[in-house]
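Converting from the sequence shown to the working numbering requires adding 51 to each position, the first position being numbered 1. For every residue, glycine included, the Cβ atom is placed at its ideal position computed from N, Cα and C. Since this is a predicted model, take the numbers as computed values, not measurements. To start, the structure under review is shown below, and the notes come after it.
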Amino acid sequence: MSDDLQTTDQPTESLLPAGPSDVPAAAPETRQRRVVVAEDETLIRLDIVEILQAQGYEVVAEAKNGEEAVSLTREHNPDIVLMDIKMPVVDGITAAETIVKERIAPVVLLTAFSQPELIERAREAGAMAYVVKPFTEADLIPAMEIALSRYRELTALEDEVADLKEAFETRKLVERAKSLLMTKLGLSEPEAFRWIQKTSMNRRLSMREVATTIIEQV
Numbered sequence: 052m053s054d055d056l057q058t059t060d061q062p063t064e065s066l067l068p069a070g071p072s073d074v075p076a077a078a079p080e081t082r083q084r085r086v087v088v089a090e091d092e093t094l095i096r097l098d099i100v101e102i103l104q105a106q107g108y109e110v111v112a113e114a115k116n117g118e119e120a121v122s123l124t125r126e127h128n129p130d131i132v133l134m135d136i137k138m139p140v141v142d143g144i145t146a147a148e149t150i151v152k153e154r155i156a157p158v159v160l161l162t163a164f165s166q167p168e169l170i171e172r173a174r175e176a177g178a179m180a181y182v183v184k185p186f187t188e189a190d191l192i193p194a195m196e197i198a199l200s201r202y203r204e205l206t207a208l209e210d211e212v213a214d215l216k217e218a219f220e221t222r223k224l225v226e227r228a229k230s231l232l233m234t235k236l237g238l239s240e241p242e243a244f245r246w247i248q249k250t251s252m253n254r255r256l257s258m259r260e261v262a263t264t265i266i267e268q269v
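And the structure:
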């Protein structure tokens, strides 16, 4: 633990917020979220585009296979990629792995199947979420927003910690600290992460130090 949290004459100051009112509010969105949609079946792709546009998303490109998806993602640098798994030329999982490795955008995978091995492959490829077909707007939009939130968290942690092993350990600690804040204060997952991130900046501590202290104090 950092020396900033230790004193000899008085107890360690609690890092925990007094309540939800102490949690910083999310910055308002000032622009449309930009999306690349990759789906080889034209009618399904058109339906997805219609749903997204009705919800205020900007579809910047449409791909019919995984190879196009990677190329268009590199070209347009979207906020998020929505991609079917079963596509010609290059499948969605392979394309997702490339996009994730290049740290361009989070990927949400669409699949008509829910076998554990397929889900595990998607997770290993770095997909932030997956949605099983047939899906509704109520299934798709929350999955995309969760993926965007998790991707921002992951990017912030990776920027703070260069070593991949340390980044993984830090992420585990932050996830545990978030869970404790959510349980204790009734915060949402994004609110809990924002509080950890803001406290890290205000106290000039790493997010790992803040997370460790929360775990010790709860």
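Query                                                                                                                                                                          : Result
Is the segment 164-174 in contact with the segment 118-127, if contact means three or more CB pairs nearer than 8 Å?                                                           : no
Quick one: using the 10 Å Cβ neighbour count with 16 as the cut-off for buried, is E126 buried or exposed?                                                                     : exposed
Can you tell me where the beta strand (DSSP E) with V182 in it begins and where it stops?                                                                                      : 180-183
As a quick exercise: from L231, F186, I102, pick the residue whose alpha carbon is nearest that of E267.                                                                       : L231
Can you list, in chain order, the residues of its chain with a C-beta nearer than 8 Å to that of I247? Leave out the 5 residues immediately preceding and following it.        : V225, A228, K229, L232, M258, V261, A262, I265
Which residue comes first and which comes last in the beta strand (DSSP E) that contains R10?                                                                                  : The structure shown does not extend to residue 10, since the chain spans only 52 to 269, so no value can be given for it.
Curious, which full-length beta strand (DSSP E) runs of at least 3 residues does the segment 150-205 contain?                                                                  : 158-162, 180-183
Just how far apart, CA to CA, sit D98 and P193?                                                                                                                                : 17 Å
What is the residue span of the alpha helix (DSSP H) that V100 lies within?                                                                                                    : 93-105
Entirely within the segment 118-152 and at least 4 residues each: give me those alpha helix (DSSP H) ranges in chain order.                                                    : 143-152
Label A163 either buried or exposed according to how many other C-beta atoms from any shown protein chain fall within 10 Å of its C-beta, with 16 as the threshold for buried. : exposed
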